[in-house]
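Protein chains in written order, with the working numbering: chain H, 828 to 1169; chain F, 828 to 1169; chain E, 828 to 1169; chain U, 828 to 1169. Backbone N, C-alpha and C define an ideal beta-carbon position, used for all residues, glycine too. Every value quoted in this text rests on a predicted model; they were computed, and no experiment measured them. What follows is a single structure, written as structure tokens, with notes after it.
There are 4 protein chains.
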Amino acid sequence: MSLSVGILGATGYTGAELLRILYLHPQARIVYCSSRQYNGKALADVLTFFRGSLDIPLEEFDEETVRNRCDIVFSCLPHGASMEFVAGIAPFVKVVDLSADFRLRDVSVYRAWYQEHSCPELLGKAVYGLCEIYRDLIRHAGLVANPGCYPTSVLLPLVPLLREGLIDKDGIVVDSKSGVSGAGRGLSLRSHICEVGESFSAYKVGRSHRHIPEIEQELAMAAGAPVTIEFTPHLVPMSRGMLSTIYVGTTADEAELKGCLERFYLGSPFVSVVDEPPSTKDVRGTNRCLIFVAKHPSRPRATIVSVIDNLTKGASGQAVQCMNLMFGLEETLGLDSLPLYP
Amino acid sequence: MSLSVGILGATGYTGAELLRILYLHPQARIVYCSSRQYNGKALADVLTFFRGSLDIPLEEFDEETVRNRCDIVFSCLPHGASMEFVAGIAPFVKVVDLSADFRLRDVSVYRAWYQEHSCPELLGKAVYGLCEIYRDLIRHAGLVANPGCYPTSVLLPLVPLLREGLIDKDGIVVDSKSGVSGAGRGLSLRSHICEVGESFSAYKVGRSHRHIPEIEQELAMAAGAPVTIEFTPHLVPMSRGMLSTIYVGTTADEAELKGCLERFYLGSPFVSVVDEPPSTKDVRGTNRCLIFVAKHPSRPRATIVSVIDNLTKGASGQAVQCMNLMFGLEETLGLDSLPLYP
Amino acid sequence: MSLSVGILGATGYTGAELLRILYLHPQARIVYCSSRQYNGKALADVLTFFRGSLDIPLEEFDEETVRNRCDIVFSCLPHGASMEFVAGIAPFVKVVDLSADFRLRDVSVYRAWYQEHSCPELLGKAVYGLCEIYRDLIRHAGLVANPGCYPTSVLLPLVPLLREGLIDKDGIVVDSKSGVSGAGRGLSLRSHICEVGESFSAYKVGRSHRHIPEIEQELAMAAGAPVTIEFTPHLVPMSRGMLSTIYVGTTADEAELKGCLERFYLGSPFVSVVDEPPSTKDVRGTNRCLIFVAKHPSRPRATIVSVIDNLTKGASGQAVQCMNLMFGLEETLGLDSLPLYP
Amino acid sequence: MSLSVGILGATGYTGAELLRILYLHPQARIVYCSSRQYNGKALADVLTFFRGSLDIPLEEFDEETVRNRCDIVFSCLPHGASMEFVAGIAPFVKVVDLSADFRLRDVSVYRAWYQEHSCPELLGKAVYGLCEIYRDLIRHAGLVANPGCYPTSVLLPLVPLLREGLIDKDGIVVDSKSGVSGAGRGLSLRSHICEVGESFSAYKVGRSHRHIPEIEQELAMAAGAPVTIEFTPHLVPMSRGMLSTIYVGTTADEAELKGCLERFYLGSPFVSVVDEPPSTKDVRGTNRCLIFVAKHPSRPRATIVSVIDNLTKGASGQAVQCMNLMFGLEETLGLDSLPLYP
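Okay, here's the thing in structure tokens:
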């Protein structure tokens, strides 16, 4: 089998990461790339490391072309724009949407955090693409809503524990830290090396980050009841990497918590429970997630630390993992890279 | 007035920061520097930016010399070593000890977290050098225990709120992030640029960091009852800077919380309440602390973010602030620098 | 004395560095700041670390106001724009222009590298503000053309050696490396932390950088004959700092070369000859220049390394040094800071 | 075919990079790893990203074991130590030595720059492992001396031009910049993030770096006459990457210089001539070398810029490329990775 793959918005960071993975994927062939900003140029003129290896133009989006040429399309367009394009192709090609447009099951929640939804009828058909949690649904999905990076880093450790009732659904505090690539390739003082280099900052403090409803939706699914979290994102002076430190109430001991996670992820090669607090460098450029658990010695509380690469497991790597599942391929195909160390 | 100042352990990062500040301090004269590692060398051969400006030798520690030559001594020695030296000079010269040796009021707590204390009789005489909280005591102190960096970043925002009963003493979660200089100039894979650069990590997860008893001691003083916190320190790939994100229970609203802090710090020029989440770069190289407060919109919880420079307000700048108070000088003397931007 | 100081273009990096230095300068009072981009805002809303300390508006440029209010004006405007504004105020107030508009003595050279010059009559009145070389002229100047950062790092080591005929005027190779702040606060992929972080690059390879005519003009003045150099600028993944590695022909030995520089800079406290190859961190945030010289053991060639902070001695620090000279103040006033270490 | 591969000194940075490449190499099986420092531990306990994937012990070096178990051995030991071990196994197994011990053809040059050579008889059998230059010799070699990182970045652009007589053998200036990983995983203030972060420095200025004789030896081979260069290495505040800026005399024009390189590297997929000055990020984590050429507009001089990843094409990637050649495999096997971007 060789899948014909299209990428909408190929020149941003999630697009570039998809290209990096798919170019070496043994069953994928990149046949279509669109870009609004660089439409008409050659891909290799924008992402110059493809010079001499990937000779493909950046085309304007065209529904007809996409339908005829692609087996699967990844949309790396911004939310709002993405659903417009996806609506036109979803009935005909398989789609993994990396925007937020199909992640929220409740259209009123989408409206409250983003805008009016232009194709609510598709919401019910979309599967949330967190592979380790929704593996079987993804296998049969036509439209996958690829999870956000923060949600991925939070849900992988918490969903199994909530499902088994080992942690409280109340009192969850999530303190997350992300490399700057999470903010994309667009220009802003917040990505200027002289402004954010050698500096660490919090942003959107106090329940204003749009990943909150997505996290709470999935935690609620796992807990079987509404969940409200405290969540603060931070910016780390580096390009890639995400670490979430999560504080939860629990009467279970450390061994029970770790045992639950180990059992849950037994058949999931990308997720591991580790014995030392991890670094983001341990997973840089990989599709891995490492989870560390420590029980408070005197209180019914535990601290959980998870790390992912925000562009790989937090975005494009997970999207390829979804593709593998959607086409019956080995889940890890094309995703077996080791971290770039040092 | 011109104070004759001595520094024990002058060539580590807190020693170097003291030298940087005191060299330009209008009322201080550096007359004595000791170093165990570089004993016998010229200071300017170790900290080369002093070449041509500060011509002083690195001497071996000698009690007699210190007593005769210095009005005040800063000890930057490691804990354990520091109390040995301080015991011999404290009765004769004023001392600001930057180690942990005199921070814990209860000798059994010191023993549990560090080791046997060699001069417990001095513990009762030491004043905790958090200037904005203990200003009057410091003015009359002979021995000041300079606070740790993490405690400074946590206590400045929390002590006023606990004293006024505006936040709960239970359920406090402290998630702190520090630049690597906090780990000192000593060599370790944990400070190798290829290991920690472009990476973010948690360490001592789960109540094992030695700053915890110091934080809890002072929070208990403010609350009038024991306080137990959840605390996780993290390492940021940068040299200087510290940010603490603190989650607390409260029924007060944002204006009350901010108002309390603003009133408390009215006469304290180094501490400000700000309207945007701060960056560590806002305070780099300064003695400032910025505090941001955000109330959770639906729960009785608030998120507080504070930033300091771990080497300045978190160590040497605060030590000089203590010196200013101990000698009746203007509190801000020699500490009015602006952040190095960009 | 207290000088009333104005800054045109106060919110870029050279403007911010001027403000940082002048705010603590004992004889300067900042009375006027203009900004095209942030006109109407308070300065402290753009450069937030001035909150609570420098309460001044960002005004639109107005000749009348500047003439009435200021003793001296620093122009941090881009070339082209700068000469327009300077022409209107130069006859009435002292001006230090940090743009390139008055650095080239020959108007046809300016035209060839930049554009048509709008006030060539002022060119002859401008003094090139390299203090250690043109100290006496600067003392009596009304209009100073502040040198570029690359030229400063190249001219300080080479001018004395060329004047004494110790090095050849032919065969000079200059390989320079700059922190990203040299490119300014404007937004570009070339300052995006994900693009330039963890990366090193050359740019404008092959005689296209606009600092070349400025360097060659001053080298020719020193040599008494035309000089043509090879020059390559590079971008270092850091904010501040500049290092130039210069390869020259010479029959002199190391001692003669160093001796010449040491004699020349005897009364110049900011310039030092050092015995170990320097780092940019040695001068970060200071007005210093360090020079290292090594003779080739078998060929009549020598390698010279110089370091400066591109924003301080390479721009705003030098501009303040000029101001001190222009008003008969101590040359080092307000410029005695130590590097921020570590 | 499946090659059984051993690595001596597996836990340093070149060892780790070999493991990263070989682990995914379709024809290699890692069967033996030695480490003096971590002898007895599991590899995955030192390089933790191998947990769960590469379960192999770190053994003490044993000649007998190596001979029996390995088809090829990579030595990542330091010079001096390496030749001792290699002497015992070279007659029996193929060896790629990443140290400097077999790079210099003249034993007296080795003695002058390093120490007495313990097995000079092997020197004549060693092939210099610069694949694009010595491809055919490497195919039949039993012992390959893997080139140094600086030499690789200099020789790839210069050897073809010297061979064709397009550039002068005199007057070559090489200004090289390296990421800190080039200095290895050992601990030193020169790799402490607080010392070298946010700083740029020159080191070993003035003909003292040990890569000089290696570069001059190979340039002389290409020129057919002795060559003496000026060479200065620099340290960039990043982990990986190397850029060399090379200044040469030439009467050829830009097109001739580029044409010569393009012809020479026609069958060499890792080396490309590019039209824009390259960044080290363009090749990070890859075995590529990019070369840019610019002619001086008025002088018979040209500037050449080359970039490699010092740990890949500059060390372990090139070593694997040698292995591929030595065993008749496709030269690019296991080396087709794209740069980690961003």
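Residue-level contact to chain U via CB, residue i, 8 Å cutoff
| i | result |
| --- | --- |
| C1021(E) | yes |
| E1158(H) | no |
| K1085(E) | no |
| S1143(F) | no |
| L950(F) | no |
| L1165(H) | yes |
| L1014(H) | no |
Residue environment, residue i, which counts as buried when at least 16 other CB atoms sit within 10 Å
| i | result |
| --- | --- |
| L970(E) | buried |
| D963(H) | exposed |
| A1052(H) | exposed |
| E844(U) | buried |
| E1078(H) | The sequence given here has Thr at residue 1078(H), not Glu. Exposed. |
| K1122(H) | buried |
| D928(H) | buried |
| Q1044(U) | buried |
| Q1145(H) | buried |
Nonlocal neighbours in the same chain, by C-beta distance under 6 Å from residue i, ignoring five residues either side
| i | result |
| --- | --- |
| Y937(F) | L931 and H944 |
| L1070(H) | K1004, T1107 and V1134 |
| S1099(E) | L1117 |
Contact with chain F by residue i, beta-carbon distance below 8 Å
| i | result |
| --- | --- |
| D872(E) | no |
| L845(U) | no |
| V1032(H) | yes |
| S935(U) | no |
DSSP bridge partner residues for residue i (one or two, in chain order)
| i | result |
| --- | --- |
| C860(E) | I834(E) and L885(E) |
| T1059(F) | D1002(F) |
| S902(E) | L835(E) and D924(E) |
| R1128(F) | G1076(F) |
| A1121(U) | T1130(U) |
| A1050(E) | Answer is none; A1050(E) lacks a bridge partner. |
| A908(U) | Looking at the DSSP assignment, A908(U) forms no beta bridge with any residue, so it has no partner. |
| V954(H) | V971(H) |
| M1150(H) | According to DSSP, which records beta bridges pairwise, M1150(H) is partnered with nothing at all. |
Own chain partners of residue i with C-beta closer than 7 Å, once the 5 adjacent residues on each side are dropped
| i | result |
| --- | --- |
| S826(H) | This structure leaves residue 826(H) out entirely; chain H is present only between 828 and 1169. |
| L989(E) | K996, L1046, A1049 and A1050 |
| V900(H) | G833, L835, V893, I916, V920 and V922 |
| S1164(H) | G1112 and T1113 |
Residue i at chain E interface by Cβ criterion, 8 Å
| i | result |
| --- | --- |
| G879(F) | yes |
| P1169(U) | yes |
| R792(U) | Residue 792(U) falls outside the range modelled here, since chain U spans only 828 to 1169, and no answer is possible. |
Cross-chain neighbours of residue i in chain U, by beta carbon under 9 Å
| i | result |
| --- | --- |
| F1119(H) | Those do not exist, as F1119(H) stays about 12 Å from chain U at its closest Cβ, beyond 9 Å. |
Sequence-distant residues of the same chain with beta carbon closer than 8 Å to residue i, five excluded per side
| i | result |
| --- | --- |
| M966(F) | One detail in the question is off: residue 966(F) reads as Arg in this sequence, not Met. Counting only Cβ-Cβ distances below 8 Å, and skipping sequence neighbours, we find L1152, M1153 and G1155. |
| V1110(E) | G1068, C1116, L1117, V1134, I1135, D1136, T1139, K1140 and P1166 |
| G1161(U) | I848, L849, L851, H852, P853, Q854, A855, V1147 and N1151 |
| L881(F) | L846, Y850, I857, L870 and A871 |
Chain E residues whose Cβ lies nearer than 8 Å to that of residue i
| i | result |
| --- | --- |
| S1028(H) | Correct list: empty, because the minimum Cβ distance to chain E is about 12 Å. |
Closer than 8 Å at the beta carbon, the chain H residues around residue i
| i | result |
| --- | --- |
| P1105(F) | S1028 and A1029 |
Interface partners of residue i on chain E, CB under 7 Å
| i | result |
| --- | --- |
| G1068(U) | S1026 and F1027 |
Test: residue i CB closer than 8 Å to a CB of chain H
| i | result |
| --- | --- |
| S1008(E) | yes |
| T875(U) | yes |
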